[in-house]
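So for the sequence shown, this note's numbering puts the first residue at 4; every next one is plus one.
Heads up: the structure comes next, in structure tokens.
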Amino acid sequence: MKFTIISGSPKGEGSVTLQYLLYIQKHFPQYEYEIFHVGKKIKSIEANQDKFDAIIDSVKSSDAVFWITPVFYFLIPAQLKRFIELIHERGAAESFQGKYATAVSTSIKFFDTTAHNYLHAVCDDLKMKYVGFNSLDMWDIFTLSKRDQFLLFAKNFFSIIEKKEPVSSQYLPLPENGLKKYSPEKSAQKIDNSNKNIVVLTDEYKQETNLGKMINRFSDSFTQDIQIVEINKINIKGGCLSCIQCGYDNNCIYKDEFTDFWKSTMKNADIIIFAGEIRDRYLSSQFKMVFDRSFFMNHTPFLTEKQMGFIISGPLSQIANLKHLFSAYVECQNSNFLDFVTDEYDDSEKIDNLLQSMADHAVTYSDQKYVRPHTFYKEGGMKIFRDDVYGRLRFICQADHRWYRDNGIYATFPQRNKFTKSRNRKLMFLTRFKFIREKLYKRINKEMLKPIHKIAVDPDK
Ligand SMILES: Cc1cc2nc3c(=O)[nH]c(=O)nc-3n(C[C@H](O)[C@H](O)[C@H](O)COP(=O)(O)O)c2cc1C
């Protein structure tokens, strides 16, 4: 059997994820593997049709494709995302049809799920036979049991292909060109934004498109001009290279305009609206590049206490994964999620009203400093970051460590809570005795509720 390996890491041969593939190759030498470092070479693949065709030819002559990639910002790197766009733009999708596929990622397991959901949907869109994924921690290779499990994953994948087993597809195709033309009306009631710094970040600002019109209608809701920033007007030399030089002091090795833009325009905004068109199952790779490049701030929430919303052209309601991903992004920044306004409605007036409401809420909530309580996304995500920055990543991510230490992130370690520790010690001891234990467990719900109820009904609180 032959396999095409599409590697998304910008590090090319220096990729951690690639090592896992090499491990498979070592244990299954009977097969042929052709590796393409798409993440590293995307610029030349895009510029040189022969290089692109060589990958497609390899796919055509293969039994299956391995997508191997690091997780970058809830997804895959912008460079690999660009390659997926090229497949569609250059009419090469058919070459993937019917091929078996799997995905292998390495990460610290922060939103590896959304990255894998995305790749699964991409494979379903390409009509591939997607078998499943393997999400690895960067350092799993050091553990024998994990290596064994990984080899079983590969063995099972090969067996499914050999037996030509059927696989289920999970994602329905997205509707094509189903969107109505949006015809906005002027805003009748302008919102005073004189004391607000509002930024709309977009990759496509064309007046005649639905997206352009939605941006304009949002902007028209306000008394004063807002800032509309087009990504392609900022000098950004390329995608994140994953060199991790920023880990020490948040300085990016690129000498272009991106970090200044992020630290000034984005950081100083009170309200940020991300506006883009759906491209495959995400926004454009250009948008992805912006998120990837913001990694120079590593694992610290940087765009904090802002109001954030999304104006999106395309079938967002059918891409639940993307909605999770963006809501999680907002939460992880310690900001407030406003809304997703899309052009999926037949009724232009409804879109007008939604944009007007989002503008109104953005200003009101910004005045109130309202941030919706976070959910599992940030709760779980920050615990992964806290543990890794305190532990194994500390010497690499020293800027994070200083920030976590100075901003009380380590104070959230449960073992640092003296009250809980002493209460646990006492109650753990007492519950060793059956009669106390039985009494205590009978009263536990009531006792737990008491202080909560007290505040709930206290007229002074
Ligand atoms: C720009 C950037 C974004 C990242 N985003 C995530 C993320 O969202 N979740 C995660 O668990 N790890 C994230 N990581 C860590 C990488 O996934 C991890 O280091 C991976 O093992 C690198 O694999 P590679 O050496 O094959 O490129 C990110 C790293 C970089 C440089």
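Just so it is clear, CB atoms sit at the ideal spot from N, CA and C, and this is done for glycine as well.
Note that this is a predicted model, so its numbers are computed, not measured.
I'd like the span of the beta strand (DSSP E) that includes residue 133, first residue to last.
Membership of residue 133 in the beta strand (DSSP E) is indicated by the continuous run 132–140.
Helix, strand or coil for residue 401? Go by DSSP, reduced to three states.
Note: residue 401 maps to helix in three-state DSSP.
Proximal residues to residue 70 (C-beta, below 6 Å), its chain only, five neighbours per side dropped
Cβ within range, chain order: 9, 106 and 122.
Contacts around residue 43, its chain only, beta-carbon distance under 6 Å, and the 5 residues preceding and following it disregarded
Answer for residue 43: 13 and 15, listed in chain order.
Give me the Cα-Cα distance between residue 89 and residue 365, rounded to the nearest whole angstrom.
The straight-line gap from Cα to Cα measures roughly 36 Å.
With H, G and I counted as helix, E and B as strand and the rest as coil, what does DSSP make of residue 230?
For residue 230, the three-state secondary structure derived from DSSP is strand.
Residue 111 CB to nearest heavy atom of ligand 1 below 8 Å
Yes, ligand 1 has a heavy atom inside 8 Å of this Cβ.
Could you spell out the range, first to last residue, of the beta strand (DSSP E) harbouring residue 24?
DSSP places residue 24 in no beta strand (DSSP E) but in the uninterrupted alpha helix (DSSP H) bounded by 19–30.
Is residue 370 near ligand 1, in the sense that its beta carbon is under 8 Å from a heavy atom of that ligand?
Relative to ligand 1, residue 370 has its C-beta separated by 8 Å or more from all heavy atoms.
Over what stretch of residues does the alpha helix (DSSP H) that includes residue 168 continue unbroken?
Boundaries for residue 168: no alpha helix (DSSP H) harbours it, and the DSSP string shows neither H nor E there.
Write down every uninterrupted run of the beta strand (DSSP E) in the stretch 149–231 whose length is 3 residues or greater and which is fully enclosed by it, in chain order.
Entirely contained in the stretch 149–231, the beta strand (DSSP E) runs reaching 3 residues are, in chain order, 201–205.
When 399, 21 and 362 are compared against residue 200, the one with the closest alpha-carbon
Residue 362 is the option with its Cα nearest to residue 200.
Could you please give the first and the last residue of the uninterrupted beta strand (DSSP E) stretch that includes residue 310?
Unbroken beta strand (DSSP E) run through residue 310: 310–316.
Can you tell me the Cα-Cα spacing of residue 20 and residue 67, whole angstroms?
Rounded to the nearest whole angstrom, the C-alpha separation of residue 20 and residue 67 is 18 Å.
Cα-Cα separation, residue 212 to residue 352
Approximately 17 Å, taken between the alpha carbons.
If I measure Cβ to Cβ from residue 301 and keep anything under 8 Å in the same chain, skipping five residues before and after, which residues do I get?
Excluding positions up to five away in sequence, the list reads 249, 250, 253, 400, 402 and 403.
From residue 327 to residue 439, what distance separates their C-alpha atoms?
Taking the straight line from one Cα to the other gives about 45 Å.
Does ligand 1 have a heavy atom nearer than 8 Å to the CB of residue 247?
For ligand 1, at least one heavy atom lies less than 8 Å from the Cβ of residue 247.
Are the stretch 89–105 and the stretch 46–66 touching, with three or more C-beta to C-beta distances below 8 Å?
Yes, they touch.
What residue does the beta strand (DSSP E) around residue 489 start on, and which one ends it?
With the chain covering 4 to 464 only, the question about residue 489 has no answer from this structure.
Start-to-end residues for the alpha helix (DSSP H) that takes in residue 264
Per DSSP, residue 264 belongs to the alpha helix (DSSP H) from 261–264.
Roughly how many angstroms lie between the CA atoms of residue 163 and residue 23, to the nearest whole one?
Rounded to whole angstroms, the separation of the alpha carbons of residue 23 and residue 163 is 20 Å.
In this structure, does DSSP put residue 285 in helix, strand or coil?
Of the three classes helix, strand and coil, the one that applies to residue 285 here is strand, per DSSP.
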